[in-house]
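In what follows, a single structure is set out as structure tokens and then discussed.
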Amino acid sequence: MSAPVSSPAATRSPIGSFTAETFAEHLASLGAVPAWWIARKRAAYDTFARLPLPSRTDEAWRFSTLQGVALEGFHIATPAETTAAERRIPDLPAALATPDLAFANNHLSARSNAARPAGVVVTTLAEAVGSHADLLKAHFMAQPQKLGSEKFAALHTAFVRDGAFVYVPRGVEVATPIVIHHLATGPASAIFPHTLVIAEENAKVTVIDLFYSDARLSLPGGAVSVPHFACGANDLYAGHGAQLTYVGAQAWSYETLSLQFNSTVVRRDARVQSLNLHLGGRQSRHESLSQLQAPGAFSEMLALTVADGTQEFDQRTLQIHQAPDTKSDLLYKNSLRDQAKTIFSGLIVVDPDAQRTDAYQSNRNLMLSEEAEANSLPGLEIQANDVRCTHGATSSRIDPEQEFYLQARGIRKDAADQLLTFGFFEEVLNRLVSDDLHAGLRSLIETQFEQ
Amino acid sequence: MSSLVIQDLHVAIGEKEIVKGLSLTINSGEVHAIMGPNGTGKSTLAKVIAGHPDYTVTGGDVLLDGASILEKEADERARAGIFLAFQYPSEIPGVSIANFLRAAQQARMAEGEELDASAYYKRLYAKMDMLKIDRKFTSRSVNEGFSGGEKKRCEILQMAMLEPKFALMDETDSGLDIDALRIVSEGVNTLKGPNLGVLMITHYQRLLNYIVPDFVHVMYDGRIVKSGDKSLALELESKGYDWVKKELVTA
Chain A
1 MSAPVSSPAA TRSPIGSFTA ETFAEHLASL GAVPAWWIAR KRAAYDTFAR
51 LPLPSRTDEA WRFSTLQGVA LEGFHIATPA ETTAAERRIP DLPAALATPD
101 LAFANNHLSA RSNAARPAGV VVTTLAEAVG SHADLLKAHF MAQPQKLGSE
151 KFAALHTAFV RDGAFVYVPR GVEVATPIVI HHLATGPASA IFPHTLVIAE
201 ENAKVTVIDL FYSDARLSLP GGAVSVPHFA CGANDLYAGH GAQLTYVGAQ
251 AWSYETLSLQ FNSTVVRRDA RVQSLNLHLG GRQSRHESLS QLQAPGAFSE
301 MLALTVADGT QEFDQRTLQI HQAPDTKSDL LYKNSLRDQA KTIFSGLIVV
351 DPDAQRTDAY QSNRNLMLSE EAEANSLPGL EIQANDVRCT HGATSSRIDP
401 EQEFYLQARG IRKDAADQLL TFGFFEEVLN RLVSDDLHAG LRSLIETQFE
451 Q
Chain B
1 MSSLVIQDLH VAIGEKEIVK GLSLTINSGE VHAIMGPNGT GKSTLAKVIA
51 GHPDYTVTGG DVLLDGASIL EKEADERARA GIFLAFQYPS EIPGVSIANF
101 LRAAQQARMA EGEELDASAY YKRLYAKMDM LKIDRKFTSR SVNEGFSGGE
151 KKRCEILQMA MLEPKFALMD ETDSGLDIDA LRIVSEGVNT LKGPNLGVLM
201 ITHYQRLLNY IVPDFVHVMY DGRIVKSGDK SLALELESKG YDWVKKELVT
251 A
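Residue numbers (this note's numbering), protein chains in the order written: chain A, 1 to 451; chain B, 1 to 251.
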């Protein structure tokens, strides 16, 4: 039995565990870091502490379970809480198994010495603060937070300790994906993962973030789960003609509160493809902002969610067309079982001079249970007159004729439903150019289904 | 030697009775054809034997090797050896034929037992060669965007892989041109043999030029009203279904 819930406003503190003392301890623990970085963090902490928690009247939090967004009871996770065994994530598909950088509880736990083309930088944020300060100043959390989480983005900046910094210079192609692991272990751990990717003019790179909790390591059945708080961000920047592929695979424990913010900047003739896979979390919010800043820019925004139990996945997206002849294509697919809940709220904004914008937005929900709940809020704000913008949202159940067809071949009902769900996801996975990555993500999804 | 015995079967959709006391016995190695006008319950018969959830059996029984299958789910019946070749096979976007057939094979194995992937593909390719199906076929989504002929060939490939005891072929000839009909019929003729019983359901006699039945039954208004050998099909072709109706009235 759960404890009686009193009025959320009365019980929820706007700062929760992230007090001024905790912040001071965090700063003190950083050692020698540049003054500008400290100043940045202090300003962010003030913003975090000043802003209220989201309230029932916030349009950006419509349908979200607000009492679940509580900041009490967490502590800043440290490496002491992890063991070497935990830091090796078992049974990962090949495409995700070998990290270039691995972080456990906010600290670097492993790095590979895989050879990369000359000029390519794959290092930690902690190092980049010193070695690549100008790039960090220009790109780290530099874009506006327009999707409702200004407070939590500030919390991220205040407490972020380390993360991945990837820089690909002009004209350089990185052949194999750069893989980053972010691991949370120990009860009530708070972690602040970050990945910053800068692809300069005509550069080409694929970066994969894998987010993982120890509950999945020690408890294959997932029956007992450890609560974590994950407040992460990624900044993606694709310069003139660059091609950037980003995959974020989220497999936190089932007790995790996860808030993740993405910013994607796409310059002239550049192309960004991002695919976010959402599997874990008690309540998981993902905000994704794509800015198409110059002609020829293209952002493909993809997401797959496997929602079951009482999980809540909350996805907020914004496609901003700021220049003519830009293109964006969003496809978010959710499968919902049990009493799971999803929220999709997407907005396409076309600025007045962004003529010949081609924008697409689609949210599709496959309902595998009568009790699941999918909310869709698609939206358009068009200020140019020569554009092509399409959006839509659908929720459908498994087609009983398809189910019978599979059963008539001897496939059991649950296996048939799983096969049909994979079929439903395949449209998104097929957008990936890499077959290895496709197979890797598929295998992660299968793990979720087996639980 | 297996047998599929249909005993005084009554089937309804909702309140409406469609099959009204039908009896028929099919043994391994036999090819039976059921012919009859539209709306007479032929497809209902095939679907109800396969376990389609929309139909209710209101009387009678269906026995596979002496045991009733009516309490079993569709997937259990399939694993027991019943195969329905659909008149209108479903399109399954995003599920490749290879993965689909793999899942069907896996379902026939014991809990915890893993399918030997290389042996499976070897067998699949051998069956495809036998049925003259291009190997590229396996990576396509099941029936998605297939022509009528491709859909029916896909059904025959599934039948070849699953090796049922009894195949119920529901209007396999519908929507096929002569070339497609010939290819599909060749497939069935390749598969039929002492271990397979076939029930072909058709509106037209032309299919029976390609797949020669041992027995022909005429179905009308939910019952079998006339049975004979293949000459009955020819007689029907020349005299038309009105002949049967008239006979029924005079009887």
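Virtual Cβ for every residue (Gly too), placed ideally from N, Cα, C. Only a predicted model underlies this, so the values are computations on that prediction, with no experimental measurement involved.
Residues of chain A with a Cβ closer than 9 angstroms to the Cβ of B/Glu73 are, in chain order, Gln407, Arg412, Lys413. Sorting A/Ile208, A/Asp162, A/Leu257, A/Gln319 by C-alpha distance to the C-alpha of A/Gln291 places A/Gln319 at the top.
Excluding its 5 nearest sequence neighbours in each direction, A/Gly281 has C-beta neighbours in its own chain below 6 angstroms: Trp252, Thr256, Ser258, listed in chain order. Between A/Gly130 and chain B, the shortest Cβ-Cβ separation is not below 8 angstroms. Within the stretch 82-111 of chain B, those residues whose Cβ lies closer than 9 angstroms to any Cβ of chain A are, in chain order, Ile82, Phe83, Leu84, Phe86, Tyr88, Pro89, Ser90, Glu91, Ile92, Pro93, Gly94, Val95, Ser96, Asn99, Phe100, Leu101, Ala103, Ala104, Gln105, Gln106, Ala107, Arg108. Taking 9 angstroms as the upper bound on Cβ-Cβ separation, chain A lies near no residue of the stretch 114-131 of chain B. With distances taken between CA atoms, A/Val247 lies nearest to A/Asn276 out of A/Pro378, A/Arg268, A/Asn276.
A/Gly423 places its beta carbon 8 angstroms or farther from that of B/Gly145.
In chain order, Gln243, Phe298 place their CB closer than 6 angstroms to the CB of A/Arg271, counting only its own chain and leaving out the 5 sequence neighbours on each side. Cβ-Cβ distances below 8 angstroms link B/Leu181 to Asp173, Arg206, Leu207, Tyr210 in the same chain, with the five nearest sequence neighbours on each side left out; the list follows chain order. Within the DSSP secondary-structure output, A/Leu108 pairs in a beta bridge with A/Phe103. Residue pairing of A/Thr317 in beta bridges, as defined by DSSP: A/Ser288, A/Gly346. Under the Cβ criterion of 8 angstroms, A/Glu426 is counted among the residues facing chain B. In chain order, Ser90 make up the part of chain B whose C-beta sits under 8 angstroms from the C-beta of A/Glu401. With a contact defined as Cβ atoms closer than 8 angstroms, A/Pro54 and A/Val120 miss out at about 39 angstroms. B/Arg79 belongs to the set of residues whose beta carbon lies under 8 angstroms from a beta carbon in chain A. For the options A/Ala439, A/Thr47, A/Leu368, A/Asp209, the alpha carbon positioned closest to that of A/Gln339 is the one of A/Leu368. When C-beta distances to chain A are compared with 9 angstroms, the residues of the stretch 48-70 of chain B below that value are Ala50, Gly51, His52, Pro53, Asp54, in chain order. Contact between A/His391 and A/Gln361 holds: CB atoms are separated by about 4 angstroms, below the 8 angstroms threshold. Excluding five sequence positions before and after B/Lys42, the CB atoms of its chain that fall closer than 7 angstroms to its own CB belong to Ile34, Gly36, Ile201, Met219, given in chain order. By the CB criterion at 8 angstroms, A/His139 and A/Leu196 fall inside the cutoff.
Non-local C-beta neighbours of A/Thr47 in its own chain, meaning closer than 6 angstroms and more than five positions away in sequence, comprise Ala154, ordered along the chain. A/Gln448: member of the alpha helix (DSSP H) spanning 435-450, first to last residue. Contact of A/Gly423 with chain B by beta-carbon distance below 8 angstroms involves Ile92, Pro93, Gly94, Val95, Ser141. Following the DSSP letters along the chain, one finds A/Tyr45 inside the alpha helix (DSSP H) bounded by residues 35-50. A direct Cα-to-Cα measurement between A/Arg42 and A/Ser109 gives close to 26 angstroms. Residue state for B/Pro213 is assigned as coil, using DSSP reduced to three classes. A/Ile76 is not a Cβ neighbour of A/His107, given a cutoff of 8 angstroms.
Exclusion of the five residues before and after A/Val266 leaves Ala238, Val272, Leu292, Ala297, Ser299 as the residues of its chain whose Cβ lies within less than 6 angstroms of its Cβ.
Taking a C-beta distance under 8 angstroms as the contact criterion, A/Thr65 and A/Glu312 qualify as a contact pair. A direct Cα-Cα distance of roughly 59 angstroms separates B/Ser68 from A/Glu59. Around the CB of B/Asn38, fewer than 16 other CB atoms lie within 10 Å, so the residue is classed as exposed. Taking 8 angstroms as the threshold, the shortest C-beta distance from B/Gln7 to chain A does not fall below it. Contact between the stretch 391-410 of chain A and the stretch 428-446 of chain A is absent, with fewer than three C-beta pairs closer than 8 angstroms. Residue-level contact by beta carbon holds for A/Phe404 and chain B, with a gap shorter than 8 angstroms. For the pair A/Ala70 and B/Glu73, the Cα-to-Cα distance works out to about 47 angstroms.
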